[in-house]
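Chains as they are written, first to last, in the numbering used here: chain Y, 1 to 368; chain F, 369 to 736.
So this is what it looks like as structure tokens:
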């Protein structure tokens with residue numbers, strides 16, 4: 001997608017075709033800064049510190065992290081150490097382990113001398129597949145939006161389609177295009193009138209910082225709201241549909257996503273509104289069926305709750321404390337929305353009910 | 369309650385028995401500053417800028433605002449102008465109009481020369497009644513907590529009673545003691561083991577700033593969480609009960625409270641947890657029965673969403689922008705929780721179901 005009129009992906013190779021470059025997402029929306037990852041530790045650090053974030057982009061970054069490790073040392077031992085370090089950099093997103101497994105499988109039979117070439121080819125393939133997935137999600141989701149707009153017009157509605165989203169599942173969370181926002185971009189680019197309610201998504205403000213920024217860069221009408229506001233807007237008919245991404249989805253359709261997603265799904269359900277989750281197949285964890293019991297939820301530093309970063313009046317990014325000294329904070333990063341609250345899953349293969357049957361319909365090769 | 373070991377109310381008279389003094393709540397939790405209100409405009413400004421906030425305290429401040437107006441000019445005209453200005457200072461809390469009506473009624477038959485004396489007597493009576501109400505709410509609520517603790521112990525639980533609250537309905541929201549937090553203080557002072565999950569309550573952070581501060585001052589164990597986190601904690605058995613205050617409650621038990629309350633009530637309902645609302649009778653609006661349709665919701669400045677204030681590293685309070693320039697924001701201050709999601713209302717007269725029948729049982733003199 002475009003930044004200041006120039007086309008970017010969120011991760012790409014430098015001219016040396018070895019160094020990996022990323023957008024430092026911790027600096028957005030106030031500064032647009034790119035960073036070079038020169039070794040596997042840089043990749044681990046970029047994932048851990050959330051310079052890159054979003055389940056699909058984490059997976060691709062981990063894949064390139066393997067490439068960087070093998071550039072330094074192509075041995076089996078180095079591959080193991082790199083995969084372990086990358087696997088431990090974030091605990092929740094299943095794409096991370098999926099990407100690492102894909103890399104291991106591609107490299108297993110390859111002699112150390114050829115591994116660098118094969119690794120970069122495989123990482124590039126994972127990245128390109130992610131882009132293709134996101135484009136397909138955008139097309140399937142935009143068809144849903146078009147239907148909702150037709151219904152709305154039939155009932156005499158004149159407002160744009162009001163879409164609520166939580167956190168950032170836009171192009172910044174993927175390699176390009178996004179998951180939850182892909183249908184928004186596709187619909188907007190096709191001339192449909194859409195407007196996005198952007199949950200700010202405390203404590204890290206990915207909505208206010210990233211989603212608002214990328215929608216603004218692309219010219220999509222949007223309004224930032226506190227995470228508390230969505231239920232009220234739904235009660236008053238000001239939301240037509242919710243769409244979020246997912247960090248891990250069980251084979252039965254339970255959706256793990258940014259903390260607070262569950263609360264919006266409850267509100268959508270209480271107000272009879274559709275709640276969709278957009279995700280590529282790499283986000284599905286076929287091995288588990290009870291999201292609340294089985295998905296480990298990352299507990300992050302309490303400082304993300306006690307402090308907020310933003311742009312000071314002098315143009316510098318400043319961090320301020322918002323809680324009293326001596327008050328502890330807790331910071332679970334994700335929650336799980338039970339499948340019963342999800343209207344449908346939008347994947348690269350189409351839209352299905354959030355259930356084992358629904359997913360089996362889209363991915364018959366996985367159905368047992 | 370105590371601040372640094374010294375007992376305070378949130379509003380009191382200076383030694384001249386005319387000037388009204390308050391705690392400037394916009395400076396908490398980082399600075400403890402008191403302010404003198406010398407005329408009605410100071411009172412209007414204190415309410416509008418949320419130097420005083422919380423439905424009961426707004427009502428008492430408005431009552432003293434009438435006193436200040438009459439000190440300058442005891443005429444019928446001055447009384448009218450003052451009441452109009454005070455009535456317009458915040459739109460949602462019904463205590464404001466209730467307190468102004470009480471003042472008007474008390475002053476209606478009083479000759480202008482005696483009005484100042486009667487006004488201060490009436491305002492003091494409103495304040496003292498609020499304190500008595502809050503103490504009674506504390507006792508009724510603490511009995512509920514004691515029951516919940518007994519149940520928990522019977523089931524082998526060893527953790528303290530985990531209470532989730534939203535916004536600030538503590539002593540800072542009232543004259544003393546609080547509404548939602550009164551049962552917490554009563555239980556804690558009686559030696560019951562309680563722990564409070566404090567929603568930070570964006571966009572103004574009254575939970576992180578005020579609730580955490582006053583619980584800390586009183587020594588009550590608590591943990592600050594993002595507004596997004598409560599549903600996840602409930603899913604994992606880490607919340608036993610929710611208690612919030614109310615800015616306006618319909619005669620049928622619909623509860624208007626700080627934006628986001630509805631989302632927590634939905635989560636409590638989905639997890640089979642009790643959700644109580646604590647309120648004095650002055651918060652009940654007997655004239656309406658449909659909270660969502662009939663309660664006007666204040667829309668506040670979008671700057672509260674786009675900017676956050678906190679303590680910088682140099683010890684000064686700084687405001688930073690958290691959204692990209694050019695992204696608009698919306699800022700509804702309250703939402704309405706339908707009575708069907710409320711387990712019970714805790715008032716100064718006891719605990720009742722959130723329904724017309726429940727309220728009629730507590731207030732038979734209001735039942736038609």
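No residue lacks a Cβ here, since even glycine has one placed at the ideal position from N, Cα and C.
The residues 347, 349, 350, 352, in chain order, have a CB closer than 7 Å to that of residue 362(Y) in the same chain once the five nearest residues on each side in sequence are set aside. Annotation for residue 624(F): the continuous beta strand (DSSP E) segment containing it runs 623-626. The distance from the Cβ of residue 419(F) to that of residue 390(F) is about 6 Å, consistent with a contact at the 8 Å cut-off. Per DSSP, residue 248(Y) is one residue of the beta strand (DSSP E) stretching across 248-250. When 190(Y), 312(Y), 300(Y), 295(Y) are compared, the shortest CA-CA separation from residue 138(Y) is found for 190(Y). For residue 294(Y), the uninterrupted alpha helix (DSSP H) segment begins and ends at 291-294.
Against chain F, a Cβ distance below 7 Å from residue 292(Y) picks out 603. Look at residue 200(Y): its C-beta is under 8 Å from a C-beta on chain F. For residue 697(F), the chain Y residues whose C-beta falls within less than 8 Å of its own C-beta are 223, 224, 225, listed in chain order. Of the candidates 128(Y), 6(Y), 165(Y), the residue whose Cα lies closest to the Cα of residue 208(Y) is 165(Y).
For residue 395(F), the closest of 710(F), 677(F), 650(F), 733(F) by C-alpha to C-alpha distance is 677(F).
Contact residues of the stretch 9-31 of chain Y toward chain F are 29 (C-beta to C-beta distance below 7 Å). Secondary structure at residue 515(F): helix, using DSSP grouped into helix, strand and coil. Pairwise C-beta distances place the stretch 470-480 of chain F out of contact with the stretch 611-626 of chain F, as fewer than three of them are shorter than 8 Å.
Note that the C-beta distance between residue 336(Y) and residue 292(Y) is below 8 Å. In the DSSP assignment, residue 410(F) falls outside any beta strand (DSSP E) and lies within the alpha helix (DSSP H) extending over 408-416.
The beta-carbon separation of residue 211(Y) and residue 194(Y), rounded to 14 Å, does not stay under the 8 Å limit for a contact. In the structure shown, residue 107(Y) adopts helical secondary structure according to DSSP, grouped into three states. For a cut-off of 8 Å, the C-beta gap from residue 319(Y) to residue 277(Y) is around 32 Å, too long to register as a contact. In the three-state DSSP reduction, residue 644(F) falls in the strand class (E or B). Taking every protein chain shown into account, the CB of residue 40(Y) has 16 or more other CB atoms within 10 angstroms, so this residue is buried. The DSSP-derived three-state label of residue 671(F) is helix.
Neighbours of residue 163(Y) in chain F, taken as residues at a C-beta separation under 9 Å, are lacking, since the least C-beta distance is about 14 Å. For residue 348(Y), no beta strand (DSSP E) encloses it, and the DSSP letter there is neither H nor E. Non-local C-beta neighbours of residue 290(Y) in its own chain, meaning closer than 8 Å and more than five positions away in sequence, comprise 250, 252, 254, ordered along the chain. When DSSP states are grouped into helix, strand and coil, residue 33(Y) belongs to the coil group. For a cut-off of 8 Å, the C-beta gap from residue 536(F) to residue 607(F) is around 18 Å, too long to register as a contact. Beta-bridge partners of residue 702(F) (DSSP): 626(F).
In this structure, DSSP gives residue 237(Y) a state outside helix and strand, which the three-state scheme calls coil. Excluding sequence positions up to five before and after residue 131(Y), its CB lies within less than 8 Å of the CB of 9, 174, 175, 176, 177, all in the same chain and listed in chain order. Under the three-state reduction of DSSP, residue 309(Y) is assigned to strand.
The residues 390, 392, in chain order, have a CB closer than 6 Å to that of residue 403(F) in the same chain once the five nearest residues on each side in sequence are set aside. Contact check for residue 295(Y) and residue 92(Y): beta-carbon distance about 7 Å, within the 8 Å limit, so the pair qualifies.
By a beta-carbon distance limit of 8 Å, residue 74(Y) contacts residue 112(Y). Their separation comes to about 4 Å.
In this structure, residue 11(Y) and residue 127(Y) form a Cβ contact; the two beta carbons are roughly 7 Å apart against a cut-off of 8 Å.
At a cut-off of 8 Å between beta carbons, residue 213(Y) contacts chain F.
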